[in-house]
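Enquirer: Residue numbers (our numbering): 13 to 263.
Ideal Cβ positions, reconstructed from N, Cα and C, are used throughout, including at glycine.
Values in this document were obtained by computation on a predicted structure and should not be read as measured data.
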Amino acid sequence: MFRKLRNWRVRRIVARHPIPEPLWQDALARCAPGRRLGASDQANLRVLATLFLREKSIEPVQGLELDDADRVLLAAHACVPILKLGIDWFDGWHSVIVYPDAFVPHRTQVDEAGVVHRTSTPMAGEAWGRGPVILSWADVLNAGKRPGHNVVIHEMAHKLDLQNGAANGFPPLHRGMDQRVWTQVFSGAWEHLRQARHQGIPIPIDPYGLENPAEFFAVVSEQFFEAPAMLREHLPEVYRQLEQFYRQHPY
Ligand SMILES: [Zn+2]
13 MFRKLRNWRV RRIVARHPIP EPLWQDALAR CAPGRRLGAS DQANLRVLAT LFLREKSIEP
73 VQGLELDDAD RVLLAAHACV PILKLGIDWF DGWHSVIVYP DAFVPHRTQV DEAGVVHRTS
133 TPMAGEAWGR GPVILSWADV LNAGKRPGHN VVIHEMAHKL DLQNGAANGF PPLHRGMDQR
193 VWTQVFSGAW EHLRQARHQG IPIPIDPYGL ENPAEFFAVV SEQFFEAPAM LREHLPEVYR
253 QLEQFYRQHP Y
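1) Helix, strand or coil for I99 per DSSP?
2) Going by C-alpha distance, which of G221, V59, R259, H170 is nearest G188?
3) Where does F182 fall in DSSP's three states?
4) Please work out which residues of its chain come closer than 7 Å, Cβ to Cβ, to P134, disregarding the five sequence neighbours upstream and downstream, and give them in chain order.
5) Which residue's Cα is closest to the Cα of Q196: Y263, Q253, C43, V22?
6) Going by CA-CA distance only, name the one from H186, Q54, H204 that's closest to C91.
7) So the beta strand (DSSP E) L147 belongs to, where does it begin and stop?
8) Would A6 and A44 qualify as a contact pair, given that the criterion is a beta-carbon distance under 8 Å?
9) Looking at the unbroken alpha helix (DSSP H) that takes in Y258, where does it start and where does it end?
10) On the DSSP bridge list, what partners appear for G177?
11) Which residues share a DSSP beta bridge with S69?
12) With DSSP collapsed to three states, give me the class of E223.
13) Go through its chain and collect everything with a Cβ distance to N162's Cβ below 6 Å, but skip five positions before and after it.
14) Is the separation between the beta-carbon of K68 and that of H106 shorter than 8 Å?
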């Protein structure tokens, strides 16, 4: 019954608020992970992007203006990770705040010694538990320009990770996936890369992924969709876990 109601609602939204063909083609042209999909997956991505644009509020700030084409592009990137999971995986939050460029979060942090710091590092994106996703539009437009980078996918990966509580690199796994294997694979790869970096050996992912397990999951998720061949070559076990989690085979 719920499913029927839901399907009816989805059909109604798609019928009433379709993404115009030129805007969709423009978005695909600028979204490599979407462009690589087959026709039926692209059609599903378009439905998800339509729902995303209805359910989320995209809020440009600091004088930034986003037109319909920009919003469709953002939605297309955002829905790549949930293509086989469904829009429900984005439940529990509402807004996407978009800055023109890298932004400096205005907040203070207390370190282990109890010292309060004002953070002052410019950021490309941020995602909070039940709060908004925050993005830098300049970085959104740079998706794929550095191999494996996609700030929208990165922040959405954090949102999926947050679905079962803390951002810790451990999203809710599907039935049939083994939690111990996930933990072993991710912590093993993370530790291995940390040691390599410590010894000055170049590593095949953005070093930001070594900050903590949550960032590692977000960084390898970006790479899974943006540069899958590279991830599969260098971190095949991580790649396989992500294939099972996202239920996609981008390479
Ligand atoms: Zn992050």
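Expert: Reading it off the structure:
1) Taking the sequence shown and counting its residues from 1, the one referred to as residue 99 is at position 87. Residue state, collapsed to three classes: helix.
2) Taking the sequence shown and counting its residues from 1, one reaches residue 188 at position 176. Measuring from the Cα of G188, the nearest candidate turns out to be R259.
3) Here residue 182 refers to the residue found at position 170 of the sequence shown. Coil.
4) For this step, residue 134 is matched to residue 122 along the sequence shown. The answer, listed in chain order, is A114, F115, V116.
5) The residue given as residue 196 occupies position 184 in the sequence shown. Closest option to Q196, Cα to Cα, is Q253.
6) Counting from one through the sequence shown, the residue named residue 91 turns up at place 79. Among H186, Q54, H204, the Cα nearest to that of C91 is on Q54.
7) Here residue 147 corresponds to residue number 135 of the sequence shown, with the count starting at 1. Taken as a continuous stretch (DSSP letters only), the beta strand (DSSP E) holding L147 covers 145-148.
8) Since the first residue of the chain shown is 13 and the last is 263, residue 6 is not available in this structure.
9) Mapped onto the sequence shown, residue 258 falls at position 246. Counting along the chain, the alpha helix (DSSP H) containing Y258 begins and ends at 248-258.
10) Position 165 of the sequence shown holds residue 177. Under DSSP, no beta-bridge partner is assigned to G177.
11) Translated into positions along the sequence shown, residue 69 becomes position 57. Partner(s): S107.
12) To locate residue 223, count along the sequence shown from 1; it is residue 211. It is coil, neither helix nor strand.
13) Against the sequence shown, residue 162 aligns to sequence position 150. Cβ neighbours of N162 beyond the five flanking positions: A155, E234, E238.
14) Taking the sequence shown and counting its residues from 1, one reaches residue 68 at position 56. Taking the sequence shown and counting its residues from 1, one reaches residue 106 at position 94. The answer is yes: Cβ separation under 8 Å.
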